[in-house]
Each structure stands twice: as C-alpha cells, then as structure tokens.
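2 protein chains.
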Amino acid sequence: MKGLDTEPYKGVRDFYPEDWGRLSTVFNRIREVLSKYGYEEYQASPLERAEMYESKGNEEIIREQTYTFEDRGGRRVTLRPEMTPTLARMVAHKRREMPFPLRWFSIGNRFRYERPQRGRLREFFQTDVDFVGLPAGEADLEVVTLASEILKSFGATSEDFVIRMNSRALLGAACKAAGLTDAEGVKAYWLLLDKKSKMSAEEFEAARGDRDPLRVIEEASDPEVRAEKEKIEALIATLQARGVDNVRFDPEIVRGFDYYTGMVFEINDTNPENPRALFGGGRYDALVSMFGGDPIPAVGFAFGDVTFMDFLETHNLLPKSETAPQVYIGIPTIEDAPLAQEFGETLRDAGIRTFVYLGERELGAQVKDAVKRGIPYFFAYGSQEEKSSMVRIKHLAKSEEESIEENQVAKHLKGLLG
Amino acid sequence: MKGLDTEPYKGVRDFYPEDWGRLSTVFNRIREVLSKYGYEEYQASPLERAEMYESKGNEEIIREQTYTFEDRGGRRVTLRPEMTPTLARMVAHKRREMPFPLRWFSIGNRFRYERPQRGRLREFFQTDVDFVGLPAGEADLEVVTLASEILKSFGATSEDFVIRMNSRALLGAACKAAGLTDAEGVKAYWLLLDKKSKMSAEEFEAARGDRDPLRVIEEASDPEVRAEKEKIEALIATLQARGVDNVRFDPEIVRGFDYYTGMVFEINDTNPENPRALFGGGRYDALVSMFGGDPIPAVGFAFGDVTFMDFLETHNLLPKSETAPQVYIGIPTIEDAPLAQEFGETLRDAGIRTFVYLGERELGAQVKDAVKRGIPYFFAYGSQEEKSSMVRIKHLAKSEEESIEENQVAKHLKGLLG
Numbered sequence: 001m002k003g004l005d006t007e008p009y010k011g012v013r014d015f016y017p018e019d020w021g022r023l024s025t026v027f028n029r030i031r032e033v034l035s036k037y038g039y040e041e042y043q044a045s046p047l048e049r050a051e052m053y054e055s056k057g058n059e060e061i062i063r064e065q066t067y068t069f070e071d072r073g074g075r076r077v078t079l080r081p082e083m084t085p086t087l088a089r090m091v092a093h094k095r096r097e098m099p100f101p102l103r104w105f106s107i108g109n110r111f112r113y114e115r116p117q118r119g120r121l122r123e124f125f126q127t128d129v130d131f132v133g134l135p136a137g138e139a140d141l142e143v144v145t146l147a148s149e150i151l152k153s154f155g156a157t158s159e160d161f162v163i164r165m166n167s168r169a170l171l172g173a174a175c176k177a178a179g180l181t182d183a184e185g186v187k188a189y190w191l192l193l194d195k196k197s198k199m200s201a202e203e204f205e206a207a208r209g210d211r212d213p214l215r216v217i218e219e220a221s222d223p224e225v226r227a228e229k230e231k232i233e234a235l236i237a238t239l240q241a242r243g244v245d246n247v248r249f250d251p252e253i254v255r256g257f258d259y260y261t262g263m264v265f266e267i268n269d270t271n272p273e274n275p276r277a278l279f280g281g282g283r284y285d286a287l288v289s290m291f292g293g294d295p296i297p298a299v300g301f302a303f304g305d306v307t308f309m310d311f312l313e314t315h316n317l318l319p320k321s322e323t324a325p326q327v328y329i330g331i332p333t334i335e336d337a338p339l340a341q342e343f344g345e346t347l348r349d350a351g352i353r354t355f356v357y358l359g360e361r362e363l364g365a366q367v368k369d370a371v372k373r374g375i376p377y378f379f380a381y382g383s384q385e386e387k388s389s390m391v392r393i394k395h396l397a398k399s400e401e402e403s404i405e406e407n408q409v410a411k412h413l414k415g416l417l418g
Numbered sequence: 001m002k003g004l005d006t007e008p009y010k011g012v013r014d015f016y017p018e019d020w021g022r023l024s025t026v027f028n029r030i031r032e033v034l035s036k037y038g039y040e041e042y043q044a045s046p047l048e049r050a051e052m053y054e055s056k057g058n059e060e061i062i063r064e065q066t067y068t069f070e071d072r073g074g075r076r077v078t079l080r081p082e083m084t085p086t087l088a089r090m091v092a093h094k095r096r097e098m099p100f101p102l103r104w105f106s107i108g109n110r111f112r113y114e115r116p117q118r119g120r121l122r123e124f125f126q127t128d129v130d131f132v133g134l135p136a137g138e139a140d141l142e143v144v145t146l147a148s149e150i151l152k153s154f155g156a157t158s159e160d161f162v163i164r165m166n167s168r169a170l171l172g173a174a175c176k177a178a179g180l181t182d183a184e185g186v187k188a189y190w191l192l193l194d195k196k197s198k199m200s201a202e203e204f205e206a207a208r209g210d211r212d213p214l215r216v217i218e219e220a221s222d223p224e225v226r227a228e229k230e231k232i233e234a235l236i237a238t239l240q241a242r243g244v245d246n247v248r249f250d251p252e253i254v255r256g257f258d259y260y261t262g263m264v265f266e267i268n269d270t271n272p273e274n275p276r277a278l279f280g281g282g283r284y285d286a287l288v289s290m291f292g293g294d295p296i297p298a299v300g301f302a303f304g305d306v307t308f309m310d311f312l313e314t315h316n317l318l319p320k321s322e323t324a325p326q327v328y329i330g331i332p333t334i335e336d337a338p339l340a341q342e343f344g345e346t347l348r349d350a351g352i353r354t355f356v357y358l359g360e361r362e363l364g365a366q367v368k369d370a371v372k373r374g375i376p377y378f379f380a381y382g383s384q385e386e387k388s389s390m391v392r393i394k395h396l397a398k399s400e401e402e403s404i405e406e407n408q409v410a411k412h413l414k415g416l417l418g
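As they're listed, the protein sequences go chains G and Z. Residues 1 to 418 in my numbering are what the first sequence spells out, letter by letter. Residues 1 to 418 in my numbering are what the second sequence spells out, letter by letter.
In structure tokens, the structure reads:
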C-alpha cells in the first residue's frame, strides 16, 4: 500500500531526537551565557500582521521572501522573516510600563520563502540579542563583547573568528561627501558593497565609478567623515583595551537591513572555507518609533543556527548532548518489567536519565539495542537481581562489567557519568 | 505621530520576559521529568504539507480550523494543528533505521483558527508524549504513570486530579452490541458523549434514544463487550496497584481524534471550577500505516499550556522562574561602568545572573529600578569599591544591608541565592 508522503514540507527540517539534542544543547548553552549577563528571553508568535513588514523601513528582499497569506477572516498574516520588527512592536506596546534599559533575547524560528540550497532554508532558527534604551557607548561595548563571549563559551578563541565593524553614520557621511546625495544612489552603492566579496577586483573597480565613498573614508579629509571615523575607531580601541582583541574596522561592512543607524558589525569565521557571516548586528535608534512615540535607542545582533552549528563542527567545538538517556535497564523476561520500572524510579529520583526496556526480546538483543542507541551503561533487572540485591553494570564503550550492590547503583552511576 | 499598531495578530500571545520565564521554567521541569524516563525531544517545522490533514483519519473539526494557504510555488501548506500526524510521518520516514520502541516528546506551538475566547487561542503550546513500537500493556502503564508523574513533579497530589479512562475497543464493541453498526451512527453517538457534560440529564436521555451503548457496557452481557471491559478494568487495577490510585473507569470518555484504537484517557482537575481536560491521550495503533507499511503500535498523550498553567496557578504550584537576573550592580557614575562590568564578570563566572546598570541615573534611582525589576540583591561598584575592596550588598526584600569583601561577593551571593 502506497501511503502519504513522509518527507517534510520543502525547505524545512525534521529534527529527530539526536539532531534536536545537539541543537537544544547549544541553545541552552547560549541561554546560559545570556542570562548570566542579565538578558531575559521573550517570545512571540511567528504569526504577525502583514502590514508590519510593508512599511518603508524594511528591505525589499525580505518583503519579497515572506510567507504572507489571508486568514479565514480576511486578515493578511506574515510568518515572521526576522525578529527585530516584533521586538520593536513589543517594546513600543509596553513602553510606558517597562523599566528601561531592556536586555532581551529570543531564540526561535524565522521563515523566508527562498530557493532551498545549502545553508539557506525556508525555516531556520535565529538567536536575537538586543539592548534597548541606551544610546551608543557602554551598550554597544557590551553587546559586541557578548557576541564574542557566546563564541568563547563554546571554546572558540579569538583566532577562530574576527569581528569586522563599521558605522552607518560614517557610511552616510562618506556618501554625502562623495556627492552621492540621492537615497537611490546611496542604496545602490550599499548593495554594491554588500556584493563586493562575490566580485573580482576589476568588476568592483568598474562598478564603483568615480564618486567612491570608500576613498573618502580612507582619506578622511571631510570633517563629518573624520568625526564619524574617529568615533567608530574609538569604540574599536575600547573593545580591544577590554580584551576583545579580534575586532577591526572594515569600511565595507553594510549589513542588509535599512533600519541600522550607527555601529554595524559582522563576525566571520577566520577559516576561509566558511565565508558566510556568523553574527550580524548593529545600532538601530529609530525602529521603535515606527510604532509611534519618541525613538528609543537600541543595539543588537542575531545569528542563525545553520552557520553557527557549521562553525562549531568545523572547529570541533560541539558540546556533548545533554538530553540522551544515560542508562538502559534490560529485563530478563517481560514479567520483570514492573520490577525494572520500580528500580528505575530510584535512578530517576537521583536525576539519571533512565531507559527501561519493556519488550520481549532476549537480553543479548537488548544489549545490542543499548549500543545502537548510544546509551553508555546497561544492566538487567528482574526477580533474580531483586533477590540478590546485586546488579551487573556493563560499561558498553569499554566492554567492561562490574557487580554493584543495588542500593549503590544510583551513586555509582552518578560517579561514572560525572 | 500615529504609528503602526502594536497589538499582536488576533488570538496569539506576546510573551514578555516575565511571562516567558514562567512558562519556560514549567517547560523545563516537564523536560526534566520526561528525560529521566528516557524520553527524548524531537521537533519539526510548523509548516506541513496540507494533504497530511486531509485524509480520512482526521477529525472534521480540526480540518475546518486549520490555517492552510498556498506558498509562492503553488504548494498547499498547513500550520500544524496538532503534533501526532507529524510524529507518525517522522516515524514512518525512518522506520527502517531507528531502534524501536521510541520514547519521544515534543513541546511546541500548534495553530487552530478558532474564535478567540478564554482558554481557546489560535496559537497555543502543547506537550506531546509518545511511546511508539509496543502494543498495549507495559507501554500503556508507563505512559499513564508518566502523565501522573508530570503533575506530581510540580507538587500536585492524587487528590488534585483524576484520571478517567475508557477503551475505544470497548466503545466499538458496545456500539455493535447496541445495534449501532453504521459508521455515521457510531460517530454521532461519540459526539453526543463528548457533549454530555454540557447537557442536562433530560437532554441527554432524550438524545441517546433506545440503542444506548452505555447501558450495554454497564450490563456487560455481550461477550465481546465483557472481554473488552475486563481488559480496561485490568489495566486500571494494575495502575492502582502500582500507586496510581486516582485512576477510574469512565465509559463516557471518548477523546476527539478518530485515530485512537485502544485505551483512551483524560486527566481532570478535581476542582470543579476548572472543568476542561488537562491531559488527553490514548492508544493509536494504525496511524503510522497511513504513510504506508505495516502498522506500528503507539500510545501517547498531550496537554496544552493554558489549562496546565491554570491548574498550577489554581493549586498554587507554579515554580519560581529560573531565568530572571539575581543581582543588580549599580554604578556611582557612568565612568564606573567598565569597573562594574569587569567586576560583574567574576559573578557571571560563578554562574550568577548579573544585571549591570550602564546609564546615567543616580544610585537611588538605580535601587528603585532594581526593585521594580524584582531583582533581589543590589550593590554599587565603582572606583571607591575597587579601592576599598569592599561592597555593600542590599537585600532589597528585607531592606537589609551588609558589607562584604570583594573577593567573597560571588560566594556570599551563591549562599544567599541557595
């Protein structure tokens, strides 16, 4: 009988327990780092009113890639392509009652209707970290440091990644000084910069033409350009003085979103085989005012799960999964199941993740099953073990076995599991 | 200036950090209990191919309430209204390579286009727990015990909730014995049972008519009915013998989904003010074969966040949130920010969730800010504290203050925070 298709919808992923265990262990590590810095997680529905993404503040490419549809009541709904507009909406909604500044983060899924390809999915997970309510200065320093600390918490060193930083205010001043005064010309130039890494030097030279803001930034003879350049260089120098020594100025960093107003940055793997940015972020002081009221200054960054997991795997930094069962209790016969379950309770009470077999296979097959599942310890428990008060624990990776008194099993396993 | 609307899309919720902290602390407690029983979390995208919900196995009321739309490539997509079909799809997809039985769970959002009302949202969170690959027997016992253990892990006692259990096989046999042989008649009778609690005794009496399977079950004179009744009563007796003493037979339990084939159960608050079922589940041995291949027996249950949180609140069992900052470091002046951040590092390294103030308000305002945020401890750190190596920690709930040596602060706070 031919049944329904078992593939997931095109461009999204199924996470089997092994995959989800790996990813959720990483997310929990990220949560731990962020909460130690006083950041608190917020969440919202992926369903947002479509109008939120249709205002001028948003990038065309995002608008063209949304999942937007009409609900049964005729309301236009969009599956959020990114979190920052939702954050701005929520901040605006309770701006009168909340204590500022806010240190917020969110880990969740985002949706983009893209042609599926390596590293580009229609649904991906993103961590968004934002500091809302303080202008440039200490907030910018903290946010960039935090991005670096997240990577370091997995064991990355400052040789493994580089933080490239620029300033939208500087780019704006340079465009003006270079004579690019119309919004469209500026936009076209930014798009060119964004694409530069994919062009040859000759192609870029030909495309950038005479009025080149990059040269203006390099010369820094225009007073406004010089002032903005000094500001961003001072920020970088402070970061370096505080130990973030892998940050450098890069006038070619633009970042895709229109809403950035100040510092922008990207973090890249130093391994050239992994060219996509790991983290991206910047200051966006005007976004909250899209929802009315005075602007509220904000700075933040985001990173996606695919590039981040690639980075951890490439550098051999993936943490051990913290969710898989730790011990397998086999049963000599199915009649022993209640005894095994009852004994399992003593391990669960000690916080040990305990898998009790409840089927009718023989013990040898149960040991093989434990190996196949990657569970490190095995023992059988039935009427004989109950009578003798002794169990034989197999350490499956080493093919070793030892006899332990029943009332010492939980303690002994805790010791073995570290 | 009138800006964009800050309300979320109709029928969904924004989770501010306080709300999410409460909910995620509860979810993590659930994860802990389940993983101690060897259950592992899986996840999938909320986007599923619409055809999966359009087969006969699914309840009309669910099909009528889905969010279904066409993507930009003309594919019909549904936002999952429940998780079980996705579970069945994933199990079917890898049935040849996975070791059975599977103990799986998933905590995530589900979507239904309902008229928003108290307790009925368009997006809600649901925990789905499933044991796949063993027939009725120990697997059923474990799953029902586990539902009970989840409630007990929050401090609920068996007086706080009741487990009502029935059997679809028994209901089927009783319908047959009562002469209800056509599928529509059976369906109509089950819908009637499902609505019974909302009807008066007279209304129910009038509606059920002569051929009443409930009477057939009570009498149990039909041999098939008697056999099925004995099976479910034996299951209940075993549960009671193993300490699940608040389970009882209830021939009126049906459960909404068509795919159940054996035992079905509901858990209700014993407080009559909270009449909606907290948990619901049962055995569904045929669902995986919708995707082709032989049937794989399975049993599971699910519960939604709204009724569950209501239960915890009503019984005063909500755990303390584990995500909010634990200490607030104030700064005498903005120039002290780097010193405060650096000192904050020593607390973060000790695992303390540390909020460092980085603005320009006076210390008194910072103390008030800490109180407003609900952070229990406050101290200021600046050049003076650095010089004296002493800090004054305020215990904000008690309005007490004590001087602690700088290098003892982390240890002291760890002690205070338990």
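Ideal placement from N, C-alpha and C gives every residue a C-beta, glycine not left out.
Per the contact definition of three or more C-beta pairs closer than 8 Å, is the stretch 190–202 of chain G in contact with the stretch 86–100 of chain G? no
So the beta strand (DSSP E) Ile393 (chain Z) belongs to, where does it begin and stop? Taking the first residue of the second sequence as position 1, residue 393 (chain Z) is located at position 393. Segment Met390 to His395, the beta strand (DSSP E) holding Ile393 (chain Z).
Closest Cα partner of Pro325 (chain Z) within the set Z:Leu363, Z:Ala340 and Z:Ile375: The residue given as residue 325 (chain Z) occupies position 325 in the second sequence. Answer by Cα proximity: Z:Ile375.
What did DSSP end up calling Thr68 (chain G) once you bin it into helix, strand or coil? As a first step, residue 68 (chain G) is located in the first sequence; it is residue number 68 there, counting from the start. Strand at Thr68 (chain G).
Please identify, using Cβ separations under 7 Å, the residues of the stretch 368–382 of chain Z that lie next to chain G, in order along the chain. Asp369, Lys372 and Arg373
DSSP on Phe111 (chain G), reduced to helix/strand/coil? For the purposes of this step, residue 111 (chain G) is taken as residue 111 along the first sequence, with counting starting at 1. Looking at Phe111 (chain G) - three-state DSSP - the assignment turns out to be strand.
Gly344 (chain G), enclosing beta strand (DSSP E) - first and last residue: Residue 344 (chain G) sits at position 344 when you count from the first residue of the first sequence. From DSSP, Gly344 (chain G) is part of no beta strand (DSSP E) but of the alpha helix (DSSP H) over Ala337 to Asp349.
Below 8 Å, can you find three or more Cβ-Cβ pairs linking the stretch 213–222 of chain G to the stretch 169–178 of chain G? yes
So, at 8 Å on beta carbons, what are the nonlocal neighbours of Ala207 (chain G) in its own chain, with the 5 sequence-adjacent residues on each side left out? On the first sequence, residue 207 (chain G) is found 207 positions in, with the first residue counted as 1. Same-chain partners within the cutoff: Leu192 and Met199.
Compare the Cα-Cα distances from Val244 (chain Z) to each of Z:Phe124, Z:Arg75, Z:Ala156 and Z:Trp104 and report the closest residue. For this step, residue 244 (chain Z) is matched to residue 244 along the second sequence. The option with the nearest alpha carbon to Val244 (chain Z) is Z:Ala156.
Suppose the cutoff is 7 Å on Cβ atoms and the five residues either side in sequence are ignored; what does the same chain contact list for Met1 (chain Z) look like? Taking the first residue of the second sequence as position 1, residue 1 (chain Z) is located at position 1. Below a pLDDT of 50, predicted positions are generally treated as unreliable, and Met1 (chain Z), at 48, falls in that range; no measurement from the model is reported.
For Gly137 (chain G) and Thr238 (chain G), I'd like the C-alpha separation in whole angstroms. By 1-based counting over the first sequence, the position of residue 137 (chain G) is 137. By 1-based counting over the first sequence, the position of residue 238 (chain G) is 238. Approximately 10 Å between the Cα atoms of the pair.
Amino acids of chain Z, ordered along the chain, whose beta-carbon sits closer than 8 Å to that of His93 (chain G): Numbered from its first residue, the first sequence carries residue 93 (chain G) at position 93. Per Cβ cutoff of 8 Å: Thr6, Glu7 and Asp14.
In this structure, does DSSP put Ile375 (chain G) in helix, strand or coil? The residue you call residue 375 (chain G) lines up with position 375 of the first sequence. If DSSP states are grouped into helix, strand and coil, Ile375 (chain G) belongs with coil.
Return the residue from the list G:Asp210, G:Val327 and G:Ala88 that minimises the CA-CA distance to Gly3 (chain Z). In the second sequence, residue 3 (chain Z) corresponds to position 3, counting from 1. Measuring from the Cα of Gly3 (chain Z), the nearest candidate turns out to be G:Ala88.
Can Val299 (chain Z) and Val91 (chain Z) be called in contact, C-beta distance under 7 Å? By 1-based counting over the second sequence, the position of residue 299 (chain Z) is 299. By 1-based counting over the second sequence, the position of residue 91 (chain Z) is 91. No, they are not a contact pair.
Chain Z within 7 Å of Leu170 (chain G), Cβ atoms only: If you number the first sequence from 1, residue 170 (chain G) lands on position 170. Chain Z contact via Cβ: absent.
Exposed or buried, which one is Leu417 (chain G) when buried takes at least 16 other CB atoms within 10 Å? For the purposes of this step, residue 417 (chain G) is taken as the residue at position 417 of the first sequence. Classification for Leu417 (chain G): exposed.
Touching by the beta-carbon criterion (3+ pairs, under 8 Å), the stretch 259–275 of chain G and the stretch 112–129 of chain G: no
Which residues of chain G have a Cβ atom closer than 7 Å to the Cβ of Ser35 (chain Z), listed in chain order? Numbered from 1 along the second sequence, position 35 holds the residue referred to as residue 35 (chain Z). Per Cβ cutoff of 7 Å: Thr323 and Arg353.
Just checking: is the beta-carbon of Gln408 (chain Z) within a distance shorter than 7 Å of some beta-carbon in chain B? In the structure shown, chain B does not exist; the protein chains are G and Z.
Using a Cβ-Cβ cut-off of 7 Å, state whether Met1 (chain Z) counts as contacting chain G. Here residue 1 (chain Z) refers to the residue found at position 1 of the second sequence. Bear in mind that a pLDDT of 48 at Met1 (chain Z), under 50, signals an unreliable position, so the model cannot answer this.
Let me know the secondary structure DSSP gives Asn166 (chain Z) once reduced to three states. Indexing the second sequence from 1 puts residue 166 (chain Z) at position 166. In the structure shown, Asn166 (chain Z) sits in a strand (DSSP, three-state: E or B).
For Val341 (chain G), count neighbouring Cβ atoms within 10 angstroms of its own Cβ and tell me buried if that reaches 16, exposed if not. Here the question's residue 341 (chain G) lines up with position 341 in the first sequence. The question names Val, but residue 341 (chain G) in the sequence shown is Gln. It is buried - the Cβ of Gln341 (chain G) has at least 16 other Cβ atoms within 10 Å.
Contacting residues, own chain, Cβ-Cβ under 7 Å from Ala337 (chain Z) (five flanking each side not counted): Residue 337 (chain Z) sits at position 337 when you count from the first residue of the second sequence. Ile331 and Leu358.
Compile a chain-ordered list of the residues in the stretch 106–137 of chain G whose CB is closer than 7 Å to at least one CB of chain Z. Tyr113, Glu123 and Leu134
Which stretch, first to last residue, makes up the beta strand (DSSP E) that contains Met420 (chain Z)? Absent from the model: residue 420 (chain Z). The displayed extent of chain Z is 1 to 418, so no value can be given.
How about Tyr284 (chain G): is its C-beta nearer than 7 Å to some C-beta of chain Z? Within the first sequence, numbered from 1, the residue matching residue 284 (chain G) stands at position 284. Chain Z contact via Cβ: absent.
If you count every other CB in all the chains shown that lies within 10 Å of the CB of Ala188 (chain G), and 16 or more means buried, which is it? Taking the first sequence and counting its residues from 1, the one referred to as residue 188 (chain G) is at position 188. The residue in question, Ala188 (chain G), is exposed, as its Cβ has fewer than 16 Cβ neighbours within 10 Å.
Residues in the stretch 247–261 of chain G with C-beta within 8 Å of chain Z's C-beta atoms, listed in sequence order? none
Measuring alpha carbon to alpha carbon, tell me which residue in Z:Ser388, Z:Arg248 and Z:Tyr381 is nearest Lys394 (chain Z). Counting from 1 along the second sequence, the entry for residue 394 (chain Z) is found at position 394. Checking every option, the nearest Cα to that of Lys394 (chain Z) belongs to Z:Tyr381.
With distances taken Cα to Cα, identify the nearest neighbour of Phe257 (chain Z) among Z:Phe308, Z:Glu82, Z:Ile296 and Z:Glu142. What you label residue 257 (chain Z) is simply residue 257 of the second sequence in a count that begins at 1. The residue with the shortest Cα to Cα distance from Phe257 (chain Z) is Z:Glu82.
Which residues in the same chain as Gly292 (chain G) place their Cβ atom closer than 8 Å to its Cβ, once the five residues preceding and following it in sequence are excluded? As a first step, residue 292 (chain G) must be located in the first sequence, where it is residue number 292. Within the same chain, Gly292 (chain G) has close Cβ partners Ala92.
Short CB-CB distance (under 7 Å) between Arg89 (chain Z) and chain G: Sequence index remark: in the second sequence, residue 89 (chain Z) carries index 89 (1-based). Arg89 (chain Z) counts as touching chain G.
Could you compute how far the alpha carbon of Ile150 (chain Z) sits from the alpha carbon of Arg29 (chain Z)? Stepping through the second sequence from its first residue, residue 150 (chain Z) is reached at position 150. Stepping through the second sequence from its first residue, residue 29 (chain Z) is reached at position 29. A direct Cα-to-Cα measurement between Ile150 (chain Z) and Arg29 (chain Z) gives close to 8 Å.
In angstroms, rounded to a whole number, what distance separates the CA positions of Pro295 (chain Z) and Gly262 (chain Z)? Taking the first residue of the second sequence as 1, we reach residue 295 (chain Z) at position 295. Taking the first residue of the second sequence as 1, we reach residue 262 (chain Z) at position 262. Between Pro295 (chain Z) and Gly262 (chain Z), the C-alpha separation is close to 14 Å.
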